[in-house]
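Structure, as structure tokens:
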Amino acid sequence: MARHNLGTVVHFEFFRTVKKRRFWIATLAIPILLGIVFGLVFASNSSTASKADAQKNSKISFTYTDASTLVNPEIAKALGGELELDAATAVERVKAGTLNAFFAFPASVSTEPVQVFGTDQGIFKNGTYDAVAKQLLVLSAQQKVGSAELAAAVQGSFRTDTQTFKDGKVSGGLETVVPPLLFLVLFYVVIILLANQMLASTLEEKENRVTEMILTTLNPTTLVVGKVISLFLVGAVQALVFAAPMVFGYVFFHDQLSMPNFDLSHLQFQFWPMMIGGLLFAGGFILFTGVLVSIGAVMPTAKDASTVFAPVMIMMFIPFYIVTMVVSDPGNLIVQIFTFFPFTAPITAMLRNGFGSLAGWQAAVVIGELFIFGFLALRLAVYLFRYGSIEYSRKLSLRTVFASTRSAKES
Numbered sequence: 058m059a060r061h062n063l064g065t066v067v068h069f070e071f072f073r074t075v076k077k078r079r080f081w082i083a084t085l086a087i088p089i090l091l092g093i094v095f096g097l098v099f100a101s102n103s104s105t106a107s108k109a110d111a112q113k114n115s116k117i118s119f120t121y122t123d124a125s126t127l128v129n130p131e132i133a134k135a136l137g138g139e140l141e142l143d144a145a146t147a148v149e150r151v152k153a154g155t156l157n158a159f160f161a162f163p164a165s166v167s168t169e170p171v172q173v174f175g176t177d178q179g180i181f182k183n184g185t186y187d188a189v190a191k192q193l194l195v196l197s198a199q200q201k202v203g204s205a206e207l208a209a210a211v212q213g214s215f216r217t218d219t220q221t222f223k224d225g226k227v228s229g230g231l232e233t234v235v236p237p238l239l240f241l242v243l244f245y246v247v248i249i250l251l252a253n254q255m256l257a258s259t260l261e262e263k264e265n266r267v268t269e270m271i272l273t274t275l276n277p278t279t280l281v282v283g284k285v286i287s288l289f290l291v292g293a294v295q296a297l298v299f300a301a302p303m304v305f306g307y308v309f310f311h312d313q314l315s316m317p318n319f320d321l322s323h324l325q326f327q328f329w330p331m332m333i334g335g336l337l338f339a340g341g342f343i344l345f346t347g348v349l350v351s352i353g354a355v356m357p358t359a360k361d362a363s364t365v366f367a368p369v370m371i372m373m374f375i376p377f378y379i380v381t382m383v384v385s386d387p388g389n390l391i392v393q394i395f396t397f398f399p400f401t402a403p404i405t406a407m408l409r410n411g412f413g414s415l416a417g418w419q420a421a422v423v424i425g426e427l428f429i430f431g432f433l434a435l436r437l438a439v440y441l442f443r444y445g446s447i448e449y450s451r452k453l454s455l456r457t458v459f460a461s462t463r464s465a466k467e468s
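Heads up: the sequence shown begins at 58 in the working numbering, then just goes up one per residue.
Written as structure tokens, this is what we have:
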């Protein structure tokens, strides 16, 4: 019968949202802005590349003094430098603009700074002076050492190949950390995109004064569950729309937009971390959805709901204030509290799961806790929606609701 037609509710709620003009304005605003940013970056990079090609062989002219005896005159000349013959007036000539730059290399470069003086060419171009002075000294030192291997060792310019082991097996690095953390990113995206709609899903009918009519044909449980499913589908549509310009830009304009390289072939999708991450995501989504829908059922208007909505959303970001502790000291008491407290548990547990510090029994406890509290929150949302749907002008009193229920059972 119609009272239990979940599919009808999902279909109606989903298409009611996606047919609204303001939904697509808000949804397409970010891709359009990204497209504009990509265009500006593309134009800027093209201009920068042209300037770089034009200036590739250009040199700055400078003079120098060398108390360290490390500077190679031939290398200095190749970089555009000459030995300063009148060091006493060099700085004054730079100030007057008759000398482009002057470098004074001290007797001990390990204990004293190299003095660099130059004419002002703007905040970005001024860094060229420091770069040339360092390059001159490094190239001269390499020439004196006479060995590329020794020069690389002294500068630390060598690679290492590191392997770590856990429980007798090779443990991965970022290749194993990144995949489970994708659930954390997805959780934030879904909740942030859908939070306002979660509140509006129950507030809209109350503000339109049509909830009595709806509840005469639909079971409250069917209505609330249908709204939750439709919200998830709407979030999936928004996520795809937001991701489209990023994927398009990465695939077709990767080099022009100076995007970083991601070698996805090295990522390791391990079964248990991915399974735990997926369950933590699902449990956290159910919990926050139930809480936000409950808030919508209690409050008469969106303005009233916003006062409670903000603290709930802040709880999602609190774990990032101790992210260093979560990664480096997962056994800390504060980390343990955040791991098992329901509103901080999804984020903290997903972080620990990604970095491999969430024990199996801890994962089981947190997952069970999230699902239990999540279903209780949804049950409470249905319960409050049933009694609060006709409270159009004032906040629903929980004490009054439970007192009325108790009286009804006793009678």
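C-beta atoms are modelled at their ideal positions from N, C-alpha and C, and glycine is treated no differently.
- Message: Report the CB separation of A164 from S125 in whole angstroms; it is logged as a contact under 8 Å.
- Response: Indexing the sequence shown from 1 puts residue 164 at position 107. Indexing the sequence shown from 1 puts residue 125 at position 68. Taking a contact as a CB-CB distance under 8 Å, the pair A164 and S125 counts as one, their CB atoms being some 6 Å apart.
- Query: I89: which of P236, I132, G425, V298 sits nearest, CA to CA?
  - Reply: Mapped onto the sequence shown, residue 89 falls at position 32. Among P236, I132, G425, V298, the Cα nearest to that of I89 belongs to V298.
- Can you list the alpha helix (DSSP H) stretches of 4 or more residues lying completely in the stretch 142-210, in chain order? Listed in chain order, the alpha helix (DSSP H) runs fully inside the stretch 142-210 are 144-153, 184-202, counting runs of at least 4 residues.
- Based on the DSSP output, what are the partners of D123 in its beta bridges? Reading the sequence shown from its first residue, position 66 is the one you call residue 123. The partner list for D123 (beta bridge, DSSP) reads F162.
- Using the Cα positions of N114 and R78, report the straight-line distance between them to the nearest angstrom. As a first step, residue 114 must be located in the sequence shown, where it is residue number 57. As a first step, residue 78 must be located in the sequence shown, where it is residue number 21. Legend: pLDDT at N114 = 47, less than 50; position of this residue unreliable, value from coordinates given subsequently. Each residue's alpha carbon lies about 55 Å from the other.
- Residue burial classification, V304 (beta-carbon count within 10 angstroms, cutoff 16): Counted from its first residue, the sequence shown places residue 304 at position 247. By the beta-carbon neighbour count (other beta carbons within 10 angstroms, threshold 16), V304 is exposed.
- Could you check where the beta strand (DSSP E) with L140 kicks off and where it finishes? Position 83 of the sequence shown, counted from the first residue, corresponds to residue 140. Counted as a single uninterrupted DSSP element, the beta strand (DSSP E) harbouring L140 occupies residues 138-140.
- Where Y39 falls, given that 16 or more other Cβ within 10 Å makes a residue buried: The structure shown does not extend to residue 39, since the chain is modelled only from 58 through 468, so no value can be given for it.
- Query: What is the DSSP secondary structure of V422, reduced to helix, strand or coil?
  - Reply: Looking up residue 422 in the sequence shown gives position 365. It is helical.
- Item | For Y121 and E139, the rounded distance between their alpha carbons | For the purposes of this step, residue 139 is taken as residue 82 along the sequence shown, with counting starting at 1. For the purposes of this step, residue 121 is taken as residue 64 along the sequence shown, with counting starting at 1. Taking the straight line joining both Cα atoms gives about 6 Å.
- Could you check the C-alpha separation between V202 and N129 for me, to the nearest Å? Here residue 202 is taken as the residue at index 145 of the sequence shown, counted from 1. Here residue 129 is taken as the residue at index 72 of the sequence shown, counted from 1. About 12 Å.
- Using three-state DSSP, classify S287 as helix, strand or coil. Residue mapping note: residue 287 aligns to position 230 of the sequence shown, counting from 1. Three-state DSSP puts S287 in a helix.
- Give me the Cα-Cα distance between T405 and V285, rounded to the nearest whole angstrom. Against the sequence shown, residue 405 aligns to sequence position 348. Against the sequence shown, residue 285 aligns to sequence position 228. Distance between the alpha carbons of T405 and V285: 24 Å.
- Message: I believe F159 touches E141 by the beta-carbon criterion, under 8 Å. Please report the beta-carbon distance rounded to the nearest angstrom.
- Response: As a first step, residue 159 is located in the sequence shown; it is residue number 102 there, counting from the start. As a first step, residue 141 is located in the sequence shown; it is residue number 84 there, counting from the start. That pair is a contact at about 6 Å.
- Answer yes or no: do V166 and L193 have a C-beta to C-beta separation smaller than 8 Å? Translated into positions along the sequence shown, residue 166 becomes position 109. Translated into positions along the sequence shown, residue 193 becomes position 136. Not in contact: V166 and L193 (Cβ atoms no closer than 8 Å).
- Query: Does the distance from the CB of G340 to the CB of P237 come in under 8 Å?
  - Reply: As a first step, residue 340 is located in the sequence shown; it is residue number 283 there, counting from the start. As a first step, residue 237 is located in the sequence shown; it is residue number 180 there, counting from the start. Going by C-beta atoms, G340 is not nearer than 8 Å to P237.
- Query: Using DSSP with H/G/I as helix, E/B as strand and the rest coil, what is A301?
  - Reply: Here residue 301 is taken as the residue at index 244 of the sequence shown, counted from 1. Looking at A301 - three-state DSSP - the assignment turns out to be helix.
- Task: Tell me whether M356 sits in a helix, a strand or coil according to DSSP, three-state version.
- Result: For this step, residue 356 is matched to residue 299 along the sequence shown. Coil.
- Message: Once DSSP output is grouped into helix, strand and coil, what is the label at T469?
- Response: Summary: the structure shown does not reach residue 469, with the chain confined to residues 58 through 468, and so no result is reported for it.
- Task: Excluding the 5 residues preceding and the 5 following A111 in the sequence, name in chain order all residues of the same chain whose CB lies nearer than 7 Å to its CB.
- Result: What you label residue 111 is simply residue 54 of the sequence shown in a count that begins at 1. For A111, the pLDDT reaches just 47, beneath the cut-off of 50, and the residue's location in the model is therefore unreliable, although a value from the coordinates is still provided. Excluding sequence neighbours, A111 sits near nothing in its chain.
- L288 versus H68 - alpha carbon distance: To locate residue 288, count along the sequence shown from 1; it is residue 231. To locate residue 68, count along the sequence shown from 1; it is residue 11. Using only the alpha carbons, I get a separation of about 11 Å.
- Query: Using the C-alpha atoms, what's the distance from A438 back to V350?
  - Reply: The residue you call residue 350 lines up with position 293 of the sequence shown. The residue you call residue 438 lines up with position 381 of the sequence shown. Cα-Cα distance, rounded: 6 Å.
- Query: Are at least three pairs of beta-carbons, each pair with one atom in the stretch 246-256 and one in the stretch 427-434, less than 8 Å apart?
  - Reply: Output reads no: the stretch 427-434 does not touch the stretch 246-256.
- Decide if A330 is buried, meaning its Cβ has at least 16 other Cβ atoms within 10 Å, or exposed. Here the question's residue 330 lines up with position 273 in the sequence shown. Ala is not the amino acid found at residue 330; the sequence shown has Pro there. A residue is called buried when at least 16 other Cβ atoms come within 10 angstroms of its Cβ; P330 meets this threshold and is buried.
- By a C-beta neighbour count over all protein chains shown, 10 Å radius and 16 as the cutoff for buried, is R60 buried or exposed? Translated into positions along the sequence shown, residue 60 becomes position 3. A caution first: R60 carries a pLDDT of 45, below 50, which makes its placement in the model unreliable, though a value can still be read off. Its Cβ having fewer than 16 others within 10 Å, R60 is exposed.
- Relative to the C-alpha of L415, which residue among L435, V291, L337 is closest? For the purposes of this step, residue 415 is identified with residue 358 of the sequence shown, where counting begins at 1. For the options L435, V291, L337, the alpha carbon positioned closest to that of L415 is the one of L337.
- Can you tell me the Cα-Cα spacing of G292 and E70, whole angstroms? In the sequence shown, counting from the first residue as 1, residue 292 sits at position 235. In the sequence shown, counting from the first residue as 1, residue 70 sits at position 13. Rounded to the nearest whole angstrom, the C-alpha separation of G292 and E70 is 13 Å.
- Message: Less than 8 Å between the beta carbons of F342 and M372, yes or no?
- Response: Here residue 342 corresponds to residue number 285 of the sequence shown, with the count starting at 1. Here residue 372 corresponds to residue number 315 of the sequence shown, with the count starting at 1. No, the pair does not count as a contact, with Cβ atoms beyond the cut-off.
- Could you check which residue in A210, F309, L91, D123 has the C-alpha nearest to that of Q172? One-based indexing of the sequence shown puts residue 172 at position 115. Checked all of A210, F309, L91, D123; the closest Cα to Q172 is D123.
- Message: Is it buried or exposed, F72, if we count other Cβ atoms within 10 angstroms and call 16 or more buried?
- Response: Translated into the one-based positions of the sequence shown, residue 72 becomes position 15. Looking at its Cβ environment, which holds fewer than 16 other Cβ atoms inside 10 Å, F72 is exposed.
- Are the beta-carbon atoms belonging to D386 and V380 less than 8 Å from one another? One-based indexing of the sequence shown puts residue 386 at position 329. One-based indexing of the sequence shown puts residue 380 at position 323. With respect to the 8 Å criterion, D386 and V380 are not classified as neighbours on the basis of their beta carbons.
- Residue range of the alpha helix (DSSP H) that R216 falls in? Within the sequence shown, the letter at position 159 stands for residue 216. Careful: R216 lies outside any alpha helix (DSSP H) and carries neither H nor E.
- Does the distance from the CB of L324 to the CB of V235 come in under 8 Å? Looking up residue 324 in the sequence shown gives position 267. Looking up residue 235 in the sequence shown gives position 178. The Cβ atoms of L324 and V235 lie closer than 8 Å to each other.
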